[in-house]
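The structure appears below as structure tokens.
4 protein chains.
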Amino acid sequence: MFFPRVTTGSDRPIYRQVVDQIRLAVVGGKLRPGDSLPSVRAMAEHLLVNPNTIAKAYAELMREGFVQAQQGKGVFVADRRPVLSAAERQRRLQAAVEQLAHEAAGLGFSSKQIQEALAKKLGGMAGMGETEQKP
Amino acid sequence: MFFPRVTTGSDRPIYRQVVDQIRLAVVGGKLRPGDSLPSVRAMAEHLLVNPNTIAKAYAELMREGFVQAQQGKGVFVADRRPVLSAAERQRRLQAAVEQLAHEAAGLGFSSKQIQEALAKKLGGMAGMGETEQKP
Amino acid sequence: MFFPRVTTGSDRPIYRQVVDQIRLAVVGGKLRPGDSLPSVRAMAEHLLVNPNTIAKAYAELMREGFVQAQQGKGVFVADRRPVLSAAERQRRLQAAVEQLAHEAAGLGFSSKQIQEALAKKLGGMAGMGETEQKP
Amino acid sequence: MFFPRVTTGSDRPIYRQVVDQIRLAVVGGKLRPGDSLPSVRAMAEHLLVNPNTIAKAYAELMREGFVQAQQGKGVFVADRRPVLSAAERQRRLQAAVEQLAHEAAGLGFSSKQIQEALAKKLGGMAGMGETEQKP
DNA sequence: GTGGTCTAGACCACT
DNA sequence: GTGGTCTAGACCACC
Chain B
311 MFFPRVTTGS DRPIYRQVVD QIRLAVVGGK LRPGDSLPSV RAMAEHLLVN PNTIAKAYAE
371 LMREGFVQAQ QGKGVFVADR RPVLSAAERQ RRLQAAVEQL AHEAAGLGFS SKQIQEALAK
431 KLGGMAGMGE TEQKP
Chain Y
311 MFFPRVTTGS DRPIYRQVVD QIRLAVVGGK LRPGDSLPSV RAMAEHLLVN PNTIAKAYAE
371 LMREGFVQAQ QGKGVFVADR RPVLSAAERQ RRLQAAVEQL AHEAAGLGFS SKQIQEALAK
431 KLGGMAGMGE TEQKP
Chain F
311 MFFPRVTTGS DRPIYRQVVD QIRLAVVGGK LRPGDSLPSV RAMAEHLLVN PNTIAKAYAE
371 LMREGFVQAQ QGKGVFVADR RPVLSAAERQ RRLQAAVEQL AHEAAGLGFS SKQIQEALAK
431 KLGGMAGMGE TEQKP
Chain A
311 MFFPRVTTGS DRPIYRQVVD QIRLAVVGGK LRPGDSLPSV RAMAEHLLVN PNTIAKAYAE
371 LMREGFVQAQ QGKGVFVADR RPVLSAAERQ RRLQAAVEQL AHEAAGLGFS SKQIQEALAK
431 KLGGMAGMGE TEQKP
């Protein structure tokens with residue numbers, strides 16, 4: 311059974327962390343279509359968070375098409391990966407990159423330092439690199 | 311006179327957009343130490359926002375050491391000085407990098423694609439690379 | 311639950327008084343990491359001031375690393391970490407010392423009298439002397 | 311002719327700096343009863359500040375009894391030093407000392423560090439130590 | 001004129 | 001419930 315890890319006290323909301331990690335597990339192949347996910351209550355107890363928070367995360371994942379709820383049975387990974395338009399994906403990446411650039415520039419870091427920090431972070435993340443999608 | 315551009319209805323707060331753009335203009339050399347910035351009221355009228363919102367942005371920039379307010383005279387670009395500890399700067403860089411990594415991973419981009427997008431963005435920014443500060 | 315005392319009509323702004331007292335309680339050990347602080351609304355009602363004023367105080371304390379806010383849960387005392395650079399801390403100490411020197415000199419006190427008053431005040435404060443940080 | 315030195319961009323208002331320095335020169339004996347001070351206009355031109363600022367400083371000094379204006383002749387140091395009640399002087403000293411203690415404690419300085427910074431500052435100031443007044 | 005503080009009240013996101 | 005943002009409008013200190 312897949313359980314994400316969340317850290318309270320981060321600037322990233324808990325429900326967002328849950329969404330991120332499940333999404334990442336799906337696109338990375340750790341979770342396959344048909345796999346079942348923990349119930350809202352089970353995950354809430356496991357992570358020691360409010361059930362509403364998990365419910366919100368699942369709702370977001372359902373809206374995006376990553377998971378599907380089957381009445382009375384539980385939550386499952388959906389068959390097909392949802393698609394965002396290439397333009398939309400690119401637009402969001404640009405926005406995210408821009409935000410990092412602004413923040414780091416304000417802190418006085420050089421381009422090299424920023425890129426090294428990113429490389430280090432990406433190197434330690436699982437499931438990246440095999441999921442490339444051509445725009 | 312320098313005026314930032316803000317878009318209401320964005321997920322990024324208005325005062326944050328103002329801070330970002332002025333900070334960028336300063337580190338990018340578009341604004342130099344001693345340059346005067348628009349008065350709180352003038353910028354508020356220009357951007358069609360509440361003066362308090364601009365005051366908040368200026369207060370943030372003052373705390374970060376980017377600008378200096380002189381009672382009754384106005385707000386001016388300050389001589390750059392490192393206000394944050396090396397550890398704090400590093401902590402903030404990590405947080406910013408992490409956010410990009412999660413966002414981009416959720417969108418299904420590969421490590422390589424993310425790094426290329428960042429490299430492209432940094433390459434197009436003025437004043438980066440010369441501002442390196444040793445921790 | 312910790313509640314500061316503020317006096318309206320003082321030359322020191324209310325939000326500053328709140329910041330001062332909470333900061334003192336933290337460095338003096340009266341408030342320990344993890345302790346929860348009154349909610350913005352609760353403290354505002356207790357002190358008979360506007361919630362925004364308390365929010366501003368908490369925002370300041372967060373920036374300085376004394377407290378940490380958790381969306382939807384409340385405000386908590388943070389683990390201490392040095393946020394400011396050594397140079398910035400020194401700069402602020404100098405400014406504070408200078409202010410006392412001017413004020414006391416204007417009142418006609420001798421160097422010796424000022425130093426004795428300070429020694430007496432510092433002697434009566436908890437948690438001082440163990441918190442030394444090398445620059 | 312006595313001219314104070316002011317630094318713009320400080321957190322201490324200019325008119326306050328002028329008041330401080332003249333007051334200090336009087337209690338320190340550098341200026342003696344009957345000595346004439348620069349005219350508002352002359353000092354404003356010399357310090358490159360607004361005449362209103364100097365006028366405000368002189369008004370404050372006159373209210374306190376340090377100087378006296380003689381219509382058409384100029385501003386002169388007053389005969390007798392003004393007296394504040396012992397209790398009031400002590401109260402103000404306590405408040406000033408307290409403020410430094412709060413600020414420095416928040417910055418994480420030890421008692422010893424604070425006292426050393428004060429001693430260094432006082433050592434460099436003229437006219438102190440001979441002006442002791444018994445409370 | 002300038003920035004700084006405070007109030008009152010609204011809406012939003014998160015738990 | 002919690003904190004975060006924004007608006008509208010007031011008063012003050014300073015130049």
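Residue numbers (my numbering), protein chains in the order written: chain B, 311 to 445; chain Y, 311 to 445; chain F, 311 to 445; chain A, 311 to 445. Ideal Cβ placement from N, Cα and C applies to all residues, glycine included. Remember, predicted model here, so these are calculated numbers, not experimental data.
Query	Result
Neighbour list for Glu398(Y) in chain F, Cβ cutoff strictly below 9 Å	Gly375, Arg391, Pro392, Val393, Leu394 and Ser395
Short-range partners of chain A found in the region 325 to 349 of chain Y, where Cβ spacing is below 9 Å	none
Best match in Pro323(B), Met311(B) and Arg373(B) for proximity to Gln409(Y) [C-alpha to C-alpha]	Pro323(B)
Contacts that Gln446(F) makes with chain B (C-beta to C-beta distance below 7 Å)	Outside the displayed range of chain F (311 to 445) lies residue 446(F), so it cannot be described from this structure.
Val350(F) - containing alpha helix (DSSP H), residue span	Val350 to Leu357
Below-7 Å beta-carbon distance, Arg315(A) vs any chain Y residue	no
Cβ pair Met353(F), Ile364(F) closer than 7 Å	yes
Through-space distance from Gln380(F) to Leu347(F), alpha-carbon basis	11 Å
Status (buried if at least 16 other CB within 10 Å, exposed otherwise) for Leu428(Y)	buried
Residues that Lys366(B) contacts on chain Y, provided the C-beta gap is smaller than 8 Å	In chain order: nothing, as chain Y lies at least about 16 Å away.
Inter-stretch contact (C-beta, 8 Å, three-pair minimum) for the region 397 to 408 of chain F and the region 398 to 407 of chain A	no
Proximity test, Cβ basis, 7 Å: Lys431(B) and chain Y	yes
For Phe313(F) and Asp345(F), believed in contact at Cβ under 8 Å, the rounded distance	The pair is not a contact, with the Cβ atoms about 13 Å apart (cut-off 8 Å).
Simplified DSSP assignment, three categories, for Val316(F)	coil
Candidates Val316(A), Ala414(A), Lys422(A) and Ser320(A), of which the one nearest His356(A) by Cα	Val316(A)
Ala388(Y) versus Phe419(Y), Gly339(Y) and Ala414(Y), residue with shortest Cα-Cα distance	Gly339(Y)
Residue-chain proximity (Glu426(B), chain Y), Cβ-Cβ < 7 Å	no
Same chain, Cβ closer than 7 Å to Val329(B), neighbours up to 5 away in sequence not counted	Ala367, Glu370 and Leu371
Cβ neighbour criterion (16 or more within 10 Å) applied to Leu334(F)	buried
Neighbour flag for Val407(F) against chain A, beta carbons, 7 Å	yes
Beta-carbon proximity check, Ser349(Y) vs Gly384(Y), cutoff 7 Å	yes
Partners in chain Y for Ala414(B), counting only beta-carbon separations shorter than 7 Å	Leu403 and Ala406
Assigned secondary structure, Arg391(F) (DSSP; H/G/I helix, E/B strand, else coil)	coil
Integer Cβ distance of Val337(B) from Gly375(Y), believed to fall under 8 Å	In fact, because the Cβ distance is near 41 Å, the residues do not count as touching under 8 Å.
From Lys430(B), Thr318(B), Tyr325(B) and Arg342(B), residue whose alpha carbon lies closest to that of Met311(B)	Arg342(B)
Straight-line gap, Glu508(F) to His412(B) (C-alpha atoms, nearest Å)	As displayed, chain F neither begins before 311 nor continues past 445, which places residue 508(F) out of reach and without an answer.
Local conformation of Ser421(Y) per DSSP, three classes	helix
Strand pairing of Val377(A), partner residues [DSSP]	Val387(A)
Exposure of Gly434(F), with buried meaning 16 or more beta-carbon neighbours within 10 Å	exposed
Beta-carbon gap between Leu394(F) and Ser395(Y) smaller than 7 Å	yes
Coarse secondary structure for Leu432(A), derived from DSSP in three states	helix
Option in Gln378(A), Asn360(A) and Val377(A) with minimal Cα separation from Gly382(Y)	Asn360(A)
Residues bridged to Leu410(B) [DSSP beta-bridge criterion]	In the DSSP output, where bridge partners are listed per residue, Leu410(B) has none listed.
C-beta neighbour in chain Y for Phe312(B), strict 7 Å	no
Span of the alpha helix (DSSP H) around Leu334(Y)	Ile324 to Val337
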